[in-house]
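Below: the structure, in structure tokens.
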Amino acid sequence: MIAVTGATGHLGQHVIKELLKQGTNPKEIIAIVRDKNKAQEFASKGIEVREANYTSADSLDKALKNVDKLLLISGNELGQRLTQHTNVINAAKRANVKLVAYTSILKADTSKMILAAEHLGTEKVLQASGIPYVILRNGWYIENYTDQLQNILAHGVIAGSAQNGKVSGAARADYAAAAAAALLGKAKTNSIYELAGSPFTMAELAATITKASGKKVEYKDMPAPDYQKMLLGFGLPAPVAEMLADSDVGIVRGDLYSDRDDLKNLIGRPASTVDSVLKTLL
Numbered sequence: 012m013i014a015v016t017g018a019t020g021h022l023g024q025h026v027i028k029e030l031l032k033q034g035t036n037p038k039e040i041i042a043i044v045r046d047k048n049k050a051q052e053f054a055s056k057g058i059e060v061r062e063a064n065y066t067s068a069d070s071l072d073k074a075l076k077n078v079d080k081l082l083l084i085s086g087n088e089l090g091q092r093l094t095q096h097t098n099v100i101n102a103a104k105r106a107n108v109k110l111v112a113y114t115s116i117l118k119a120d121t122s123k124m125i126l127a128a129e130h131l132g133t134e135k136v137l138q139a140s141g142i143p144y145v146i147l148r149n150g151w152y153i154e155n156y157t158d159q160l161q162n163i164l165a166h167g168v169i170a171g172s173a174q175n176g177k178v179s180g181a182a183r184a185d186y187a188a189a190a191a192a193a194l195l196g197k198a199k200t201n202s203i204y205e206l207a208g209s210p211f212t213m214a215e216l217a218a219t220i221t222k223a224s225g226k227k228v229e230y231k232d233m234p235a236p237d238y239q240k241m242l243l244g245f246g247l248p249a250p251v252a253e254m255l256a257d258s259d260v261g262i263v264r265g266d267l268y269s270d271r272d273d274l275k276n277l278i279g280r281p282a283s284t285v286d287s288v289l290k291t292l293l
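Residue numbers (the working numbering): 12 to 293.
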């Protein structure tokens with residue numbers, strides 16, 4: 012049995028879709044979710060849905076019963092994730108899970124981004140657990156930008172603090188395909204994969220959107236403190252505004268850039284480009 016945590020999230024849905032696409036029997040898939048009511052589509056396909064909370068050992072024990080392979084999709088509660096992920100890994104050990112794949116962040120061991128610390132901590136817990144593992148260090152989602160496409164087009168501006176730093180981004184579907192490959196035995200056990208797509212700068216992103224949409228879009232760079240204040244002004248929670256500004260500073264350092272071919276090799280095709288993602292949206 013293959014289980015996927017966070018199955019109703021963007022990445023989780025893509026992973027289950029990819030598993031089915033690659034011929035996995037729905038009855039061999041378990042969708043682990045916080046709220047069963049949001050997972051009715053899975054149930055309609057014959058996929059077993061189990062509820063679990065990362066903070067509840069009892070719920071995790073029930074959710075992981077008879078699971079052979081587990082995809083632990085990182086949580087989204089900043090500051091709580093290492094504890095939550097450790098709970099899942101401990102439950103996986105109790106359940107005698109044979110493989111845990113974990114979605115980390117690109118270059119987690121050298122990145123100075125705020126986001127990286129909890130990911131690296133989780134990697135270390137997983138490596139020390141004795142459970143065979145595959146660590147999937149995902150780069151930035153292209154959708155981190157294209158999900159804001161309507162606002163970008165409305166204002167004609169992408170704002171940030173990334174300067175001329177490069178992002179080796181790929182689409183969620185690419186990272187989902189890599190996760191499915193790991194779950195289906197196509198990744199080397201006890202290995203770390205640096206998953207990166209084609210690099211682009213924010214100015215190049217703006218130019219690509221301009222070309223694809225026919226509407227002029229420019230990149231406006233600003234100091235990170237100013238960018239953080241702007242995000243706060245838009246109503247973002249303080250930790251999120253800090254994380255986004257810090258991530259742009261990380262882009263300048265090269266934390267989200269890699270020229271490794273791990274993603275291409277794992278999924279058997281080139282990763283999506285910004286242009287190809289935009290073509291599905293415009």
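We put the beta carbon where it would ideally sit given N, CA and C, even for glycine.
Check: Going by other Cβ atoms of all chains shown within 10 Å of its Cβ, with 16 needed for buried, is R183 buried or exposed?
Finding: Buried, since its Cβ has 16 or more Cβ neighbours within 10 Å.
Notebook entry, point to check: What's the gap between the Cα of N175 and the Cα of A214?
Noted result: Taking the straight line joining both Cα atoms gives about 7 Å.
Next item on the list: List the endpoints of the continuous alpha helix (DSSP H) containing S283.
Entry: For S283, no alpha helix (DSSP H) segment is defined, and its DSSP state is neither H nor E.
Notebook entry, point to check: Where in the region 111–161 do unbroken runs of the alpha helix (DSSP H), each at least 4 residues long, occur, reported from the N-terminal end onward?
Noted result: Runs found: 125–139, 154–157.
Notebook entry, point to check: Going by DSSP, which residues form a beta bridge with G171?
Noted result: Beta bridge pairing from DSSP links G171 with D232.
Check: Just the Cα atoms here: how many angstroms apart are G90 and S287?
Finding: Distance between the alpha carbons of G90 and S287 is about 34 Å.
Next item on the list: Name, in chain order, the residues that DSSP records as bridge partners for F211.
Entry: According to DSSP, F211 shares a beta bridge with V178.
Check: Hey, would you say W185 sits closer than 7 Å to S283, going by beta carbons?
Finding: Here residue 185 turns out to be Asp, not Trp, going by the sequence shown. A contact, by the Cβ cut-off of 7 Å.
Note to self: Just to confirm the assignment, what range does the beta strand (DSSP E) spanning E205 have?
What the structure shows: Taken as a continuous stretch (DSSP letters only), the beta strand (DSSP E) holding E205 covers 202–206.
Note to self: Taking the alpha carbon of A139 as the reference point, which residue from K104, N77, K32, L82 has its own alpha carbon closest?
What the structure shows: Residue K104 holds the alpha-carbon nearest to the alpha-carbon of A139 among K104, N77, K32, L82.
Check: Ordered along the chain, which non-local residues of its own chain (more than five positions away) have a Cβ less than 6 Å from that of T114?
Finding: Same-chain partners within the cutoff: I84, S85, L147, N149.
Checklist line | Euclidean distance between Cα positions of G132 and S122 | finding: Distance between the alpha carbons of G132 and S122 is about 13 Å.
Next item on the list: Would you check if there are 3 or more beta carbon pairs closer than 8 Å linking the region 248–267 to the region 193–204?
Entry: Inter-segment contact for the region 248–267 and the region 193–204 is absent: fewer than three beta-carbon pairs are separated by less than 8 Å.
Notebook entry, point to check: From which residue to which residue does the alpha helix (DSSP H) around E295 run?
Noted result: Since the first residue shown for the chain is 12 and the last is 293, residue 295 is missing from the structure and cannot be characterised.
Check: Which class does R92 belong to by DSSP, given the choice of helix, strand or coil?
Finding: In the three-state DSSP reduction, R92 falls in the helix class (H, G or I).
Check: DSSP beta-bridge partners for R183?
Finding: Paired residues: none, contrary to the question.
Next item on the list: Could you tell me the boundaries of the alpha helix (DSSP H) in which A68 lies?
Entry: Run containing A68: 68–74, per the alpha helix (DSSP H) assignment.
Margin query: Since L82 and V26 should fall inside the 8 Å C-beta cutoff, what is the C-beta to C-beta distance between them, to a whole number of angstroms?
Written below: With 8 Å as the limit, L82 and V26 qualify as a contact, their Cβ atoms being about 6 Å apart.
Next item on the list: Evaluate T66 with the Cβ neighbour count: other Cβ atoms within 10 Å of its Cβ, from every protein chain shown; 16 or more gives buried, anything less gives exposed.
Entry: T66 is exposed by the Cβ-count criterion.
Next item on the list: Please classify V26: does DSSP put it in a helix, a strand, or coil?
Entry: In the structure shown, V26 sits in a helix (DSSP, three-state: H, G or I).
Checklist line | Residues near A191 by beta carbon distance below 7 Å, same chain, minus five either side | finding: Excluding residues within five positions, the ones whose Cβ falls inside 7 Å are V26, E29, L30, Q33.
Notebook entry, point to check: Between which two residues does the alpha helix (DSSP H) harbouring E52 extend?
Noted result: 51–55 is the extent of the alpha helix (DSSP H) around E52.
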